[in-house]
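Each remark here refers to the structure printed beneath this line.
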Amino acid sequence: MRTLRDALTTIPLAAAPEECVDQLEELERLKSAICATQARISGQLDQHRLAQDEARRQLEPRRRRPKPEAGIAKEIGLARRESPHDGRRKLALARALLHDLPETLAALERGDLNERRAEIIASETSCLDAEKRREVDVVVCRDLDGLGDGHLRDLVQREVLRRDEEGWLARHERARAKRRVTGRILGDGMGQLSATLPATDLSLIMASLDAAAETARAQGDERDRSQLVADTLVGRLSGRGRNTPAPTAIKLLVSAETLMGEGDEPGYVFSAGHVPASVARSMVIAAAGHAHSTIQRLFTAPHNGALVAMESSTSFFRGALAEFIKLRDRRCRSPFCSAPIRHVDHVNGRADDGVTSSDNGQGLCEACNYAKEAHGWRHEPHPDPLAVTEVSVTTPTGHVHRSRAPDPPTDQSHPSPAERHVSARLLALAS
């Protein structure tokens, strides 16, 4: 291993930009493979220490001994030059990879995902039994290309919900009982307010604050978005300002089968994540009797999950079309980026005769939208607009990455004649 480490420091640096990118990619894959090997070594150390502890217990059965996990985790942390807390995380990851997540371990060895994303899969599936955990492992690792942390977490949570809705509801009730608001002084005359709330409440609050900030900016307010959100929050909570919450719509993506009680596909609440089918139905029922806030429902066509396409005669993405794309993409569409969407823009630009339509639109964060306009970058939509929305991203060095919108809620079984009729009606109404 020392020889390998020394050899890495003497690798000749590439001369051409294309080769520089290739070297970076291969080194990143090598780092992931090293992390997989570290997990295997940590598992081996874990087995040695547990066996030693069991042997001591056999020799001295009456003597009380602390559980060995703390010592093993600290040992791993010290070897990796990390804290005991991080050592516990690495031990938990090693146990999960070696016992329940073989596909994730294989993907880490290949370099298809890094250690941080392997931890996301391990932590989000920790509530499942071994059999269901392996099922999620297989589904999630089928296609990891382009998935950032946020998109990967959404995908894993969706698959967990499909298999353990009752467990999710029980954990949610326990977590909801701990809701609270705290504050602390930061210095320089500033303080920090923190609230632990149900994700759906958070989505409603943030949507209302964002709407107020955008309205103020459109009216010429010179404060930036973050300042406006903070000032609006203070005004509403303290009563000093005249800002009052405007009617707000929670955006819920749900399949028709789930809404009608004939399916159990989880719904997706914009800015909050996946919720069980029963919660999605409850949200719709509750909104029907609420005077000020509504649930804005987006339906997916049965069995293929496609959202209905829309086209605009304008040169900009505005109104319903912009909302549609934000709800479809959820987060920045750049591969591996999970930042919030700030811009809805063309894949093929207007200068290149790109149309203002849903299949030629994508949601991007501000930085990624500006970056794609730099020389040498090219974004191209999938040639089939009825396929799952994909965009090919070509970098200045010619490397191609695939950007894919998250899969919407859909029933994966074969459609019945009645369901095909529902699909046809939905498409006809949307058009």
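Numbering-wise, this note's numbering puts 1579 at position 397 of the sequence shown, and it's gapless, one number per residue. Idealized CB from N, CA, C, for every residue including glycine.
Query	Result
For arginine 1187 and valine 1537, the rounded distance between their alpha carbons	51 angstroms
C-alpha distance - glutamate 1257 paired with cysteine 1514, whole-angstrom precision	39 angstroms
Same chain, Cβ closer than 6 angstroms to arginine 1184, neighbours up to 5 away in sequence not counted	none
Contacts around alanine 1610, its chain only, beta-carbon distance under 7 angstroms, and the 5 residues preceding and following it disregarded	In this prediction, alanine 1610 scores a pLDDT of 47, lower than 50, which makes its location untrustworthy; no coordinate-derived value is stated.
CB contact flag (arginine 1287, arginine 1315, <8 angstroms)	According to the sequence as given, residue 1287 is leucine; it is not arginine. Cβ atoms of leucine 1287 and arginine 1315: not closer than 8 angstroms.
Cα-Cα separation, glutamine 1220 to glutamate 1210	15 angstroms
Proximity winner among Ala1237, Arg1560, Arg1362, Ala1533, relative to glycine 1580 (alpha-carbon distances)	Arg1560
Cβ pair arginine 1335, isoleucine 1302 closer than 8 angstroms	yes
Glycine 1293 vs alanine 1215 beta-carbon contact at 8 angstroms	yes
Residue ranges of each alpha helix (DSSP H) within the segment 1532-1585, 4 or longer	1548-1553
For alanine 1587 and aspartate 1511, believed in contact at Cβ under 8 angstroms, the rounded distance	5 angstroms
Under the three-state DSSP convention, the category leucine 1401 falls into	Residue 1401 is actually glutamine in this sequence, not leucine. Three-state result, glutamine 1401: coil.
Residues near threonine 1576 by beta carbon distance below 6 angstroms, same chain, minus five either side	Arg1560, Val1582
CA nearest to the CA of glycine 1558, picked from Pro1578, Glu1341, Ala1352	Pro1578
Beta-bridge partners of methionine 1372, as assigned by DSSP	Gly1369
Limits of the alpha helix (DSSP H) - the one that glycine 1449 falls within	That residue, glycine 1449, is in no alpha helix (DSSP H); its beta strand (DSSP E) goes 1449-1451.
Start and end residues, alpha helix (DSSP H) containing aspartate 1228	1199-1241
Aspartate 1527, enclosing beta strand (DSSP E) - first and last residue	1525-1528
Extent of the continuous alpha helix (DSSP H) to which glycine 1349 belongs	1347-1358
Residue from Gly1332, Gly1330, Asp1527, Glu1285 whose Cα sits closest to the Cα of glutamate 1317	Glu1285
Boundaries (first-last residue) of the alpha helix (DSSP H) holding glycine 1269	1266-1281
Leucine 1419 versus aspartate 1413 - alpha carbon distance	10 angstroms
Residues sharing a beta bridge with glycine 1455, DSSP	Val1451
Rounded straight-line distance, which links the Cα of valine 1416 to that of glycine 1143	Residue 1143 is absent from the structure shown; the chain starts at 1183 and stops at 1613.
CA nearest to the CA of glycine 1443, picked from Pro1458, Lys1433, Arg1262	Pro1458
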